[in-house]
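**Q** The structure follows.
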Amino acid sequence: MSKSVTLKPRMSEKTYALSEERNTYVFEIPTDANKNTVARAVAAQFKVTVTGVRVAKTPGKSRRSYRRGGRVVRKGMTSGVKKAYVTLKADDKIPIFAAASEASEKLDTKEKK
Numbered sequence: 085m086s087k088s089v090t091l092k093p094r095m096s097e098k099t100y101a102l103s104e105e106r107n108t109y110v111f112e113i114p115t116d117a118n119k120n121t122v123a124r125a126v127a128a129q130f131k132v133t134v135t136g137v138r139v140a141k142t143p144g145k146s147r148r149s150y151r152r153g154g155r156v157v158r159k160g161m162t163s164g165v166k167k168a169y170v171t172l173k174a175d176d177k178i179p180i181f182a183a184a185s186e187a188s189e190k191l192d193t194k195e196k197k
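In our numbering, the protein residues as written are 85 to 197.
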């Protein structure tokens, strides 16, 4: 069964540190995706070898907004997120943070001059 999975990378300081230290990348995935489909999708899309996949579900949070004067209260929920932590073989890299590393290298060269 061939199933296409939409992979949206999470861009944060924590995910950047994970990618540098542990060669682990974080993606937001659809709620119906499982570990096998995520591993196949990452391997096919980025041409890398996947050694492990961990999945975490984060439930949505309730939110309230008040109208001016306090008469009307609107209640709602933020949407939940399902994340996949994908660990790659030691030699493989995904160029998600390539622009960030290039920018930091340029800053380092300017500071040295």
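Heads up, the beta-carbon is just placed ideally off N, CA and C, and yes, glycines get one too.
Check for me: the alpha helix (DSSP H) holding Ser103 runs from which residue to which?
**A** In the sequence shown, counting from the first residue as 1, residue 103 sits at position 19. 97 to 105 is the extent of the alpha helix (DSSP H) around Ser103.
**Q** Starting from Thr115, follow the alpha helix (DSSP H) in both directions and report where the run begins and ends.
**A** Position 31 of the sequence shown, counted from the start, is the residue given in the question as residue 115. Element bounds for Thr115: n/a, residue is neither H nor E.
**Q** Measure the C-alpha to C-alpha separation of Leu91 and Arg155 and round it to an integer number of angstroms.
**A** Translated into the one-based positions of the sequence shown, residue 91 becomes position 7. Translated into the one-based positions of the sequence shown, residue 155 becomes position 71. In a straight line, the C-alpha of Leu91 is about 42 Å away from that of Arg155.
**Q** Of the choices Ala183, Asn107, Phe181, Thr115, whose alpha-carbon is the least far from that of Ala140?
**A** Residue 140 sits at position 56 when you count from the first residue of the sequence shown. Minimum Cα distance to Ala140 is reached at Thr115.
**Q** To the nearest angstrom, how far is the alpha carbon of Ala125 from that of Ala183?
**A** Taking the first residue of the sequence shown as 1, we reach residue 125 at position 41. Taking the first residue of the sequence shown as 1, we reach residue 183 at position 99. Those two C-alpha atoms are separated by around 23 Å.
**Q** To the nearest angstrom, how far is it from the Cα of Thr142 to the Cα of Ser96?
**A** On the sequence shown, residue 142 is found 58 positions in, with the first residue counted as 1. On the sequence shown, residue 96 is found 12 positions in, with the first residue counted as 1. One C-alpha to the other measures close to 16 Å.
**Q** If you draw a straight line from the alpha carbon of Asp192 to that of Asn107, how long is it in whole angstroms?
**A** Translated into the one-based positions of the sequence shown, residue 192 becomes position 108. Translated into the one-based positions of the sequence shown, residue 107 becomes position 23. Whole-angstrom Cα-Cα distance: 23 Å.
**Q** Could you pull out every residue in the same chain whose Cβ sits closer than 6 Å to the Cβ of Thr133, ignoring the five residues on either side in sequence?
**A** Within the sequence shown, residue 133 is the residue found at index 49, counting from 1. These residues qualify, in order along the chain: Lys173, Asp176.
**Q** Hey, which unbroken runs of the alpha helix (DSSP H) at 4 residues or more fall wholly within the stretch 135 to 172?
**A** Runs found: none.
**Q** Assuming the contact rule is C-beta atoms closer than 8 Å, Thr135 and Val89 should be a hit. Round their C-beta distance to whole Å, please.
**A** For the purposes of this step, residue 135 is taken as the residue at position 51 of the sequence shown. For the purposes of this step, residue 89 is taken as the residue at position 5 of the sequence shown. With a Cβ gap of about 18 Å, Thr135 and Val89 do not count as contacting.
**Q** Between Ala127 and Ser149, what straight-line distance do the alpha-carbon atoms span, to the nearest angstrom?
**A** Within the sequence shown, numbered from 1, the residue matching residue 127 stands at position 43. Within the sequence shown, numbered from 1, the residue matching residue 149 stands at position 65. Cα to Cα, the separation comes out at about 43 Å.
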